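In our numbering, the protein residues as written are 296 to 601.
Using N, Cα and C, we set each Cβ at its ideal position, and we do this for glycine too.
All of these numbers come straight from a predicted model, not from anything done at the bench.
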């Protein structure tokens, strides 16, 4: 065996690789003598080889998770995604961050958030009943809402969203050309009520900022009809509505800011794909312990049914 292999296996690495491939056929001691290498050297190489193999596998898993997120995830969410497959439980977030830096995988940077609320009006406002209690267990208990502007090639467009604090789902959203309440908050609220099959006086709270759309009589009339309790942020305090504002930061960072100037004609489709095809169904949330909004919804509703 030694004579034949002497011509074929030149380097120690080749000899060690041969030994690894044939451990089920020949004893390690016999192969090491035949190939003129030490057993200790082989085991040291084997340990290093396994480590390198695992690093390569981990790199591939990280790249796959990053690409599945459409290059949106940073290291914390990549770690959460890998935890679902068991890999994340074997490595730390710091390890994922180092590997992503080595692989040059960088999530989209955030831009400065610009708030557009018009709270300079004479309409009555509600107290802040939510008081930043964003941790809610039961779905359809607390909804939060906000409006943001989006520049396009045809002028401003306005995105209104309503989120359920329990599962972080976007339960209603509307893209409009104007900031009129009928085209923004009213249409979005009606959509959310229908989508979640809300019954009158079911104990739902609706929280928003003090924008004129949320304070107008037409909007409040719908809340009253359904017995929905209204809560508003304190004046000039964006942190009171942090979850809704965080959503806008997320959608702009992960999707809208990828283009220098969005096309108005395709914007509704773009937002639909992001919210319904990604955010609600596939995007994992650290606040939901690595679950997606859909997974959290079904988990929480299943617990109630049980």
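Distance from residue 452 to residue 471 at the Cβ level is roughly 7 Å; contact confirmed, criterion being Cβ atoms closer than 8 Å.
Nearest to residue 364 by alpha-carbon distance, out of 310, 502 and 546, is 546. Where residue 500 is concerned, the enclosing beta strand (DSSP E) starts and stops at 500-503.
Residue 366 and residue 401 have their alpha carbons spaced roughly 8 Å apart. Straight-line spacing of the CA atoms in residue 512 and residue 386 works out to 54 Å.
Assignment of residue 368 by DSSP, reduced to helix, strand and coil, places it in the coil class. In the structure shown, residue 418 adopts coil according to DSSP, grouped into three states. The Cβ atoms of residue 469 and residue 455 lie closer than 8 Å to each other. Counting C-beta atoms within 10 angstroms of its own C-beta, residue 494 has fewer than 16 neighbours from the protein chains shown and is therefore classed as exposed.
Around the beta-carbon of residue 595, 16 or more other beta-carbon atoms lie within 10 Å, marking it buried. Excluding residues up to 5 positions away in sequence, 332, 336 and 340 lie with their Cβ nearer than 8 Å to the Cβ of residue 307 in the same chain.
Burial state of residue 450 is exposed, judged by a 10 Å Cβ sphere holding fewer than 16 other Cβ atoms. If the five residues before and after residue 559 are omitted, its C-beta is found closer than 7 Å to the C-beta atoms of 447, 448, 449 and 452, all from its own chain and listed in chain order. Within its own chain, the residues whose Cβ lies closer than 8 Å to the Cβ of residue 520, once the five positions on either side in sequence are excluded, are 495, listed in chain order. The distance from the Cβ of residue 326 to that of residue 317 is about 7 Å, consistent with a contact at the 8 Å cut-off. Measuring C-alpha to C-alpha distances from residue 434 to each of 441, 486 and 458 identifies 458 as the nearest. Taken in chain order, the complete beta strand (DSSP E) segments of 3 residues or longer contained in the stretch 494-573 are 500-503 and 524-527. Residue burial is scored here from C-beta neighbours: residue 572 has fewer than 16 other C-beta atoms within 10 angstroms and is therefore classed as exposed. In the three-state DSSP reduction, residue 336 falls in the helix class (H, G or I). The beta carbon of residue 394 sits closer than 7 Å to the beta carbons of 353, 354 and 357 from its chain, once the five residues preceding and following it are set aside; these are given in chain order.
Straight across, the Cα-Cα distance linking residue 442 with residue 530 is about 16 Å. Its chain contains 466 and 467 as the residues whose beta carbon lies nearer than 8 Å to that of residue 490, once the 5 sequence neighbours on both sides are disregarded; these appear in chain order.
Taking the Cα of residue 429 as reference, the smallest distance to any Cα among 583, 522 and 492 is reached at 583.
Taken through DSSP and simplified to helix, strand or coil, residue 456 comes out as strand.
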